[in-house]
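The next block holds one structure in the form of structure tokens; read it before the comments.
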Amino acid sequence: MDETIWTTVRTARDWLDATNGTGEAELTCRMLKLTEEAGEVAGAWIGYLGQNPRKGVTHTRADVAAELADVAFTALVAIESLGLDAREVLGGCAGKVAGRLESPAEGEVRRRVD
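Heads up: the sequence shown begins at -2 in the working numbering, then just goes up one per residue.
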């Protein structure tokens, strides 16, 4: 990933730390912020689908993607706020997922054997 992402994540964490502190209540709010951002994804998707007849179509796929990016960025800040390196944690997660991925043929064999 671009180094700008990691620098900005740490700068955002530092700004929040300086402004709001680093206590358990603040950390809780940073975790809850993820739920707020996820709600905005849901709202954008509903708007993309035009699910609300009164409003019609109000969002694009690009709007939804931007909201998803907000969720990802907020999660990275939350990881850093826990005192961990978000790049390492994300890399570990990617490695774990990569280890689970398999070709469809292997998956069929594995399911029959298990």
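All C-beta atoms, glycine included, are put in the ideal place defined by N, C-alpha and C.
- DSSP places residue 30 in the uninterrupted alpha helix (DSSP H) bounded by 21 to 46.
- Excluding its 5 nearest sequence neighbours in each direction, residue 13 has C-beta neighbours in its own chain below 8 Å: 23, 27, 74, 78, listed in chain order.
- By the 16-neighbour rule on beta-carbons within 10 angstroms, residue 21 is exposed.
- Of the candidates 45, 65, 63, 64, 45 places its Cα closest to the Cα of residue 56.
- In this structure, residue 31 places its C-beta atom within 8 Å of the C-beta atom of residue 71.
- Counting along the chain, residue 17 sits inside the alpha helix (DSSP H) bounded by residues 0 to 17.
- Here residue 61 is buried. Its C-beta has 16 or more other C-beta atoms within 10 Å.
- Within the same chain, 61 come within 7 Å of residue 42 by CB-CB distance, once the 5 residues on both sides are set aside.
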